[in-house]
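Residue numbers (the working numbering): 1253 to 1428. Ideal Cβ placement from N, Cα and C applies to all residues, glycine included. Take a look at the structure below.
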């Protein structure tokens, strides 16, 4: 029983377009893409064999659906295991570890508010301060702060430590 070229052509074109999606899900170094291209070309040839109208229609359909299927495949690529490796997405356990580390850092920064320390470098307006033996980069809120001045953390804004000269520090300077 002979197979109708129209049916065979349509089936091969659909299979070829489906293989483009499969290429995204199964890494084959382009072998599945080559098979998809062969299916589409042979499918269009069978459509031409049936009639010129079907041949032209098949070519136009492939010209429209081919890029649409490829765009859809690229859209789902980042959600596949291969895509996550290609685009450098971190494993979930590493993401969770990093999230916890950021949260701990934010909590630690929040505990610094109202604490006093010492300016290790001049703050004009940014410099290094030391609080309880730990160094931090800080921003002087009001003017320059000289090296050795006692500073008080006034706020934490977007992970930036803002400091002012500690009042006791200025009182001792005026007494000396």
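Discussion item. Please report the distance separating the alpha-carbon of residue 1326 from that of residue 1314.
Written reply: Cα to Cα, the separation comes out at about 17 Å.
Fill in: Of the listed residues 1296, 1294, 1401, 1270, nearest to residue 1284 (C-alpha basis)
The candidate whose alpha carbon is nearest that of residue 1284 is 1270.
Worksheet item: Can at least three beta-carbon pairs, one atom from the stretch 1339-1357 and one from the stretch 1386-1403, be found at a separation below 8 Å?
Response: The stretch 1339-1357 and the stretch 1386-1403 do not touch, with fewer than 3 CB-CB distances between them shorter than 8 Å.
Discussion item. With three or more C-beta pairs closer than 8 Å as the rule, is the stretch 1358-1366 touching the stretch 1328-1346?
Written reply: The stretch 1328-1346 is not in contact with the stretch 1358-1366.
Fill in: Straight-line Cα distance separating residue 1253 from residue 1274
Cα-Cα distance, rounded: 31 Å.
Practice prompt. Please determine if the stretch 1334-1341 and the stretch 1373-1386 are in contact, where contact requires at least 3 C-beta pairs separated by less than 8 Å.
Written response: Because the criterion of three Cβ pairs below 8 Å is not met, the stretch 1334-1341 and the stretch 1373-1386 do not touch.
Practice prompt. Drop a sphere of 10 angstroms on the beta-carbon of residue 1324, count the other beta-carbons inside from all chains shown, and report buried for 16 or more, exposed for fewer.
Written response: Looking at its Cβ environment, which holds fewer than 16 other Cβ atoms inside 10 Å, residue 1324 is exposed.
Item to complete: Check residue 1402 in the structure and name its three-state DSSP category.
Response: When secondary structure is reduced to three states using DSSP, residue 1402 falls in the strand class.
Fill in: Burial state of residue 1369 (16 or more Cβ within 10 Å)
Buried is the call here.
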